[in-house]
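Position 48 of the sequence shown, counted from 1, bears residue number 48 in UniProt numbering, the numbering being contiguous throughout.
Cβ coordinates follow ideal geometry from the N, Cα and C atoms, glycine included.
Here the structure is a predicted model, which means the values were calculated and not measured.
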Amino acid sequence: LFWTCFIALVATSFGFIIRAQIIGDLGVHFNLSETQKGEILGVGLWPFALSIILFSLVIDKIGYGRSLAFAFICHVLSAIITIFATGYQMLYWGTFILALGNGAVEAVINPVVATIYPKDKTKWLNILHAGWPGGLVLGGLMALIMGPGADWRWKVGLIFIPAAFYGFMMIRAKFPVHERVKAGVPYKTMLQEVGIIGASIVVVIMIAEIGQIFNWTLALKIVISAVLIIGYGFYVRSFGRPLFILLLLIMLPLATTELGTDSWKGRIQA
């Protein structure tokens, strides 16, 4: 089960680094502007975070297996849409689907590994997340070995390799009961850890990005954010655990610098 999770994470980094490497080819082939290329890379990020959040809220209800199966479908479907893309829109939505799958993977693998290694979580979570840089290196090298003359579609298809492995492995995998459920911790208690402050940070950022995609007015963004935050706060009646809020704030610049630079690494090196 651990290696199923590990390879699923490798698949996410394959999709990530390959998009970054072929964005120049996509720009030439589809006559994309720099703005469009940036939007394609950008949509590989925010749905990723959105998917992690949403799946984390319901994963104990729908199960780890179904969630990972969703991720597998997203990885395969994303590659197919991209390979057969006829323009910007298909490239955009193909990347959007990839990001949703990547988020689902993260929402599954972290609690699964923490659950199956309850007395040695830090060690095994560190080993697990070596799959991210490992996948970046392996996927990047495989794409480079194919050479600059190789059709970009073949490079996109590289994600089928790790996807096939973890897709086959998860068929026989037996997923554990969610650690929170096993410990008898109520759902509401879990949400109280995040609290009103944590939810406010997440909701404001999430609505701001979604509103930009759908051209919502500032007033509409404020109203939707307020409704969600007030509803959440009324339910949990907690400001959130201070340590969690601190870690959440630390993750904002960390994720931005890590994933943002990874997206443009190919262009910088060029």
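Under 9 Å between C-beta atoms of residue i and residue j
{"i": "N102", "j": "T12", "result": "yes"}
{"i": "A219", "j": "V108", "result": "no"}
{"i": "L128", "j": "F2", "result": "yes"}
{"i": "A69", "j": "M170", "result": "yes"}
{"i": "V10", "j": "G134", "result": "yes"}
{"i": "L98", "j": "S67", "result": "no"}
{"i": "D25", "j": "W154", "result": "no"}
{"i": "V43", "j": "Y88", "result": "no"}
{"i": "T115", "j": "V177", "result": "yes"}
Exposed unless 16 or more other CB atoms sit within 10 angstroms - verdict on residue i
{"i": "F6", "result": "buried"}
{"i": "S33", "result": "exposed"}
{"i": "V113", "result": "buried"}
{"i": "Q21", "result": "buried"}
Per-residue DSSP class, three states only, for residue i
{"i": "M190", "result": "helix"}
{"i": "E167", "result": "Note that residue 167 is Gly in the sequence shown, not Glu. Here G167 sits in helix by DSSP."}
{"i": "P176", "result": "coil"}
{"i": "F2", "result": "helix"}
{"i": "F30", "result": "coil"}
{"i": "G38", "result": "helix"}
{"i": "V185", "result": "coil"}
{"i": "V10", "result": "helix"}
Hey, which unbroken runs of the alpha helix (DSSP H) at 4 residues or more fall wholly within the region 193-260? 218-236
Suppose only complete runs of 4+ residues qualify. What are the alpha helix (DSSP H) ranges in the region 68-152, listed by chain order? 88-116, 121-128, 131-145
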